[in-house]
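Novice: Positions in the sequence shown are counted from 1; adding 44 to them yields the numbering used here. Beta carbons are placed, not taken as given, at the ideal position from N, Cα and C, and that holds for glycine. Sharing a structure below in structure tokens format, with a few things to ask.
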Amino acid sequence: MRPIRLEMTAFGSYAEHTVVPFDRLRSGLYLITGDTGAGKTTIFDAIMFALYGTASGTDRNDEMMHCDHVSKGVDTVVSLTFAQSGKVHRVERTIHFSKKRGSKEEYGDPKVSAVLQEEGTEAIEGASKVSTRCQELLGMDKDQFRRIVMLAQGEFRKFLKADSTEKNEILSKLFDHSEYLYYQNLLAETRAALQKQRGEQAVELERLMRSDLHLPEDTSDEDRLLYLPGHPQLLENLSTLVARAEAEHQEIGARSTRQQQQIERLNRERGAAEQVNRQLTELEEKRHRLRLLEEAAPEMEDLAHRIDRADAALHTAYPALKAAAEAKKAAERTREEIAKQQEQLSALEESLRLATEARAADPEDTARQNALQSQAAQIGQQLERYGVLNAQKKELAEAQRLFEAASAEQRALEERHRQAKERISALEKELAAAGDTGVEQLRLETLHKARQGYVQELTGNGGIVSRVQQAKALEESLALTRQKLERSAAQALQANEQHQQLYRALLSGQAGLLARELCRRIEKEGGASCPVCGVHHDAIGAGFAPLAADTPSQERVDEARAAFEAKDAQRQRCQRELDRLQGDLNAAREAALEALRRLPVTLEGWEQPAQPGWLEDVVARFRSEELQTARELNTAKQQHARAQEWSKEAEQLRTSLEGLAAAAGEQAEKAAAQQQAIIRLDTAIKETEKTLTYASGQEAAAQQRRLLTEAEGLRRLLEKRQKACEDAMRLRDTAVGTLREKEASLREQDTQQENARQQAKKVLAETGFESPAAVREVLEGFGAMNGEDWLRLQRKTVADHDHETKATRERIRELEEATRGKVMQPLERLDEQIRQENEVQNGLNAQHSECFTRLSGYRGVLNGATRLKGSLKDTDSAWQRIDRLGTLATGESSEGGKLSFERYVMGSLFREVLEMANRRMDVMSGGKYELIHKTTVRRSNASAGLEIEVLDVTTGQQRPAGSLSGGEAFFTSLALALGLSDVVQNHAGGRKLDALFIDEGFGTLSEGVLDKALEVLGQLTEGNRLIGIISHVDKLDESIAQKIRVKGSEKGSTLVLEGM
């Protein structure tokens, strides 16, 4: 990349449009010189801003890059024309501030736009798109460009003396090391994950043997050693323990089975005796019920007869009577409708007579309508002439108005001309008294901006106050987290004790839990086998083991165990959070102190900003100073603004004097022309009025509207009379037709009424009812019930009686057959025998359950230990390999320091940098010094791999880079910077940078060293490369012919080109 032309407007310290013509440089080496703060580095800032949208300093935002010497109403514009890969490109960026609505001098946030025009392609627009494309063209991002194209000596002296970790951070920003870092992290993370997995398995095995293995209390201490997690025969010892418990469990189970068989035999005897007793009791109850049913038989026969008679009344007689009554009602309704229709017909006949008589006046009204319409037409012929008259009157009024306006404007212009001359004289006196106000305003603006910066550093977003508050908040969080950790530890201990207590209670009540599950299965399935002894039970026995009230369920024990693990996990999280907060607190304090040290305050340590009120006093002091400066600046701005307004107003008034005189003459001519038009229009109006009948067009139009309105009223009256006659005739004819239809319908309904009456009489005779009253009597017997419901209920009562009688006789016969020759049996003796046998069985069940619980626990421990031991064994080989690889990749502490895989790879690039740097060192040091890459350090726990030592060729001795003198350190860091620039370009896809800026660092050099440095820089210009040195050293000013001299002033920076 080679810059051709740079243009700046309202950027940094450059207020006016400023051009840097790089294409006018005859040779590659040139000097950018000027006073401190004049704007030398701003030239490189402008190149950075054009390409990437940012300045070389990372602490400057878009608003800060706008020039303070011009209003924000002037856009910041930077354009750069440059050559890359044989093509010419032009990029332009603009910062625009929009005014806030309703404000004259306040502006909103800046908006940045950009355009990139590439040779032979369409333009690219948009700030981010342009930045991305520039990065693609140059092959490096903004950070790489800033470090490679701008060689700031201070930064590279730090790089020279930095340790391996700091050098690695810098190199990682210039070279892509992500692939190597990925594999380093992959190995480290894999090692950490496997280490965590194996550690968790070892802890789980320890917990399993400590918490889940419950040996008998009489186990000796020597035997307990057999079950330690690290015992080599742990699994064999656990298997032996399980085998002994299984043998004991089987022996108790066999004894329990024999005892249970004896109990079941006694239960069968008792069940048979209880069955005989139940049958004899039921036989006596059934015989008593049969006697009651036989006594109720006559009542049921009478109910059946009533049901038949009610059925005939409801379904046969009542429908016939209902049909006859409805036919009679229909005929009566029709007779009433005929009477009403006859009355309506008489009224309609009268309406028709009246409508016919009203039409007798129609001929006279029609003639009157025609006469009115003829008069209205005659008036309409004159209305056009009234329009002409009105137009003439309007034109006359307009001419009179224009005459008066021109005369008034003429007088006003002459008065303004006089006032302007008086105002110019007064403004000239005010300007002479005010003097030069711009210088004072510029001084106060600079002072106010500095004090604003102090307040912003203190109170701005992320400022010192915020950082101190953050540190104090972290102190509070740290104290709270420490209390939370103490509570979590106590809760975890309590949860563990609860789990152990419940687990012991579960072991004690295991027999009762098994018995309860057996009872549930018997009730659900009708039978089940004992899970302890295997005996099948068809009924719940009184000898089953009881469940103690305090026996917990397995779920409850598991929940207690989960609760303990959750509490312990919470304790671990609290511990990690405490460690993190302590680190954050230390970092926050250091950040706040570092920021405070940049302010003009006396600072000894953290105790001052932490002291209540100290920071508020500092803020108040700077705010007070800022407010005082703001008031003074506001006064100066007002005075300067008034002076500018007075000067501008005077100039405008001088310009307006000649125009006011000319305008007054024009208005006089206009007034004369309008006076002639007034005389002409007045004559024309009088001639038109002689030809008209009415005084005005409005009066003529009003008379025409009255005539037309009266004619229209007559037309509507004639239409209304005709319609009323037609409507009356139509309604009369409709009423006559309706009357005839109803009379025919009445004759048919009289016939239907007689037929229904005869049918009802016939049905009563057939069903045996003497009269309709007899039918109603039967139906009233239903009461509030529906007839159909009453019949269903009574029929069901008779049927239920018959069915129960038959079923009772059949059950008595079955019971007499089953109990023939049998008597009631006593049960007390059998119950006592069963109770005694159950006591024996309960004891065996308790022993068997306790043994089963121990066996289950032993089996669980054996399975868990087998699984954990197997998992650890499966990862032994992998752990040995990944432990070595992970340790090697991350560079664990060892003799010579910590050398990670990432820094090892960076070391190869670092050797390239040193090789290129030594080519420059050879010239600048006269062959005396050479940079040596050292991969080790003295401390075993320090980072290694990127250390530099300097070889003194004359003595053969190597020494640390930090021991170099000022001049030696300068040319060493310069050589290092140039070497780094060369290597970065080599790794940038073959893209070449034909421009380099070197910022300061020459002031401390002796004349000889400076000459050698210039010799090296001169060699760099070979091949059309531009080398710009930013410095104000006199020796360089004398030695370098081509110069860009930057001059600062109250109105902004300017450039003077020398030797170009």
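With 16 as the cutoff for other CB atoms within 10 Å, does residue 349 come out buried or exposed?
Specialist: Start at 1 with the first residue of the sequence shown, and residue 349 comes out as number 305. With fewer than 16 Cβ atoms within 10 Å of its Cβ, residue 349 is classed as exposed.
Novice: Just how far apart, CA to CA, sit residue 751 and residue 411?
Specialist: Reading the sequence shown from its first residue, position 707 is the one you call residue 751. Reading the sequence shown from its first residue, position 367 is the one you call residue 411. Those two C-alpha atoms are separated by around 14 Å.
Novice: Smallest Cα separation from residue 181: which of 160, 761, 170 and 998?
Specialist: As a working note, residue 181 is residue 137 in the sequence shown. Nearest C-alpha to residue 181: 160.
Novice: Bridge partners for residue 884 per DSSP, in chain order?
Specialist: The count along the sequence shown starts at 1 and reaches residue 884 at position 840. Its beta-bridge partners do not exist; DSSP assigns none.
Novice: Using alpha carbons as the reference points, say which of 74, 1016, 1038 and 809 lies closest to residue 1105.
Specialist: Residue 1105 is absent from the structure shown; the chain starts at 45 and stops at 1104.
Novice: Within the continuous alpha helix (DSSP H) that includes residue 1069, where are the two ends?
Specialist: Residue mapping note: residue 1069 aligns to position 1025 of the sequence shown, counting from 1. Residue 1069 -> no alpha helix (DSSP H), and no H or E assigned at all.
Novice: Excluding five sequence neighbours on each side, which residues of the same chain lie with their C-beta closer than 6 Å to the C-beta of residue 96?
Specialist: Your numbering for residue 96 matches position 52 in the sequence shown. For residue 96, where only same-chain residues beyond five positions count, the Cβ hits under 6 Å are 175 and 186.
Novice: Looking only at C-alpha atoms, which of 130, 119, 162 and 163 sits nearest to residue 151?
Specialist: In the sequence shown, counting from the first residue as 1, residue 151 sits at position 107. If we check each option's Cα against that of residue 151, 119 comes out closest.
Novice: State the Cα-Cα distance for the pair residue 130 and residue 167, rounded to the nearest angstrom.
Specialist: Residue mapping note: residue 130 aligns to position 86 of the sequence shown, counting from 1. Residue mapping note: residue 167 aligns to position 123 of the sequence shown, counting from 1. Residue 130 and residue 167: Cα-Cα distance of roughly 18 Å.
Novice: In the DSSP assignment, find the unbroken beta strand (DSSP E) run with residue 137 in it and report its ends.
Specialist: The residue labelled residue 137 in the question sits at position 93 within the sequence shown. Looking at the DSSP string, the run of the beta strand (DSSP E) that includes residue 137 is 131 to 143.
Novice: Below 8 Å, how does it come out for the region 692 to 706 and the region 439 to 452: are there three or more Cβ pairs, yes or no?
Specialist: Result no; under three Cβ-Cβ pairs closer than 8 Å.
Novice: Helix, strand or coil for residue 997, going by three-state DSSP, please let me know.
Specialist: Position 953 of the sequence shown, counted from the start, is the residue given in the question as residue 997. Looking at residue 997 - three-state DSSP - the assignment turns out to be coil, as it is neither helix nor strand.
Novice: Quick one: does residue 681 have its CB under 8 Å from some CB of chain B?
Specialist: The structure shown contains no chain B; it is built from a single protein chain.
Novice: So who's on the other strand from residue 1074, going by DSSP bridges?
Specialist: Working through the sequence shown from its first residue, we reach residue 1074 at position 1030. According to DSSP, residue 1074 bridges with 76 and 1043.
Novice: Considering residue 784, what are the terminal residues of the beta strand (DSSP E) in which it resides?
Specialist: As a position in the sequence shown, residue 784 is number 740, starting the count at 1. No beta strand (DSSP E) holds residue 784; the alpha helix (DSSP H) holding it covers 741 to 811.
Novice: When the Cα atoms are used, what is the spatial distance from residue 953 to residue 993?
Specialist: Translated into positions along the sequence shown, residue 953 becomes position 909. Translated into positions along the sequence shown, residue 993 becomes position 949. Computed Cα separation, rounded: 17 Å.
Novice: Just how far apart, CA to CA, sit residue 142 and residue 628?
Specialist: What you label residue 142 is simply residue 98 of the sequence shown in a count that begins at 1. What you label residue 628 is simply residue 584 of the sequence shown in a count that begins at 1. One C-alpha to the other measures close to 41 Å.
Novice: From the DSSP output, in three-state form, read off residue 243 for me.
Specialist: Along the sequence shown, read from residue 1 onward, the residue named residue 243 stands at position 199. Residue 243 falls in the helix class under three-state DSSP.
Novice: Could you tell me which of 357, 977, 1020 and 666 sits nearest to residue 1003, measuring between CA atoms?
Specialist: For the purposes of this step, residue 1003 is taken as residue 959 along the sequence shown, with counting starting at 1. Nearest C-alpha to residue 1003: 977.
Novice: Is it buried or exposed, residue 723, if we count other Cβ atoms within 10 angstroms and call 16 or more buried?
Specialist: Taking the first residue of the sequence shown as position 1, residue 723 is located at position 679. Exposed, by the Cβ-count rule.
Novice: With DSSP run on the structure shown, which of helix, strand or coil describes residue 159?
Specialist: On the sequence shown, position 115 is the one that residue 159 refers to. Reduced to three states, the DSSP call for residue 159 is strand.
Novice: Name the DSSP bridge partner or partners of residue 127?
Specialist: Stepping through the sequence shown from its first residue, residue 127 is reached at position 83. DSSP lists 46 and 132 as partners of residue 127.
Novice: Using beta-carbon positions only, say whether residue 633 and residue 523 come within less than 8 Å of one another.
Specialist: Locating residue 633 in the sequence shown gives position 589, where the first residue counts as 1. Locating residue 523 in the sequence shown gives position 479, where the first residue counts as 1. Not a contact, by the Cβ cut-off of 8 Å.
Novice: Comparing alpha-carbon positions, which option in 961, 358, 790 and 1050 lies nearest residue 836?
Specialist: Residue numbering aside, residue 836 sits at position 792 when the sequence shown is read from its first letter. Of the candidates 961, 358, 790 and 1050, the one whose C-alpha sits nearest the C-alpha of residue 836 is 358.
Novice: Measure the Cβ-Cβ separation of residue 73 and residue 1075 and say whether it is below 8 Å.
Specialist: By 1-based counting over the sequence shown, the position of residue 73 is 29. By 1-based counting over the sequence shown, the position of residue 1075 is 1031. No, Cβ-Cβ distance for residue 73 and residue 1075 is not below 8 Å.
Novice: Apart from the five residues just before and just after residue 367, which ones in its own chain have a Cβ nearer than 8 Å to its Cβ?
Specialist: Here the question's residue 367 lines up with position 323 in the sequence shown. Counting only Cβ-Cβ distances below 8 Å, and skipping sequence neighbours, we find 800, 803 and 804.
Novice: Going by CA-CA distance only, name the one from 964, 947, 453 and 310 that's closest to residue 990.
Specialist: For the purposes of this step, residue 990 is taken as the residue at position 946 of the sequence shown. Comparing Cα-Cα distances from residue 990 to each of 964, 947, 453 and 310, the minimum goes to 947.
Novice: In terms of alpha-carbon separation, which member of 546, 609, 637 and 560 lies closest to residue 512?
Specialist: Start at 1 with the first residue of the sequence shown, and residue 512 comes out as number 468. Looking at the Cα atoms, 637 is the closest of the given residues.
Novice: Along the alpha helix (DSSP H) that carries residue 855, what are the first and last residues, could you check?
Specialist: For the purposes of this step, residue 855 is taken as the residue at position 811 of the sequence shown. Start and end: 831 to 862.
Novice: Measure how close the beta-carbons of residue 427 and residue 745 come, nearest whole angstrom, since I'm counting them as under 8 Å.
Specialist: Taking the first residue of the sequence shown as position 1, residue 427 is located at position 383. Taking the first residue of the sequence shown as position 1, residue 745 is located at position 701. Yes, they are in contact, since the Cβ atoms of residue 427 and residue 745 sit about 6 Å apart, within 8 Å.
Novice: Just tell me which of 435, 1027 and 415 has its CA closest to the CA of residue 728.
Specialist: Numbered from 1 along the sequence shown, position 684 holds the residue referred to as residue 728. Cα-wise, what sits closest to residue 728 is 435.
Novice: Please report the straight-line C-alpha distance between residue 597 and residue 560, rounded to a whole angstrom.
Specialist: Numbered from 1 along the sequence shown, position 553 holds the residue referred to as residue 597. Numbered from 1 along the sequence shown, position 516 holds the residue referred to as residue 560. Each residue's alpha carbon lies about 11 Å from the other.
Novice: Could you tell me whether the region 614 to 631 touches the region 494 to 511, where touching means 3 or more Cβ pairs closer than 8 Å?
Specialist: No, the region 614 to 631 does not touch the region 494 to 511.
Novice: Can you tell me which of the three DSSP states residue 118 falls into?
Specialist: As a first step, residue 118 is located in the sequence shown; it is residue number 74 there, counting from the start. Reduced to three states, the DSSP call for residue 118 is coil.
Novice: Could you have a look at residue 948 and say whether DSSP puts it in helix, strand or coil?
Specialist: Counting from 1 along the sequence shown, the entry for residue 948 is found at position 904. DSSP places residue 948 in helix when its eight states are reduced to three.
Novice: Determine contact between the region 77 to 85 and the region 1083 to 1092, defined as no fewer than three beta-carbon pairs at a distance below 8 Å.
Specialist: The region 77 to 85, when compared against the region 1083 to 1092, does touch it at the 8 Å Cβ threshold.
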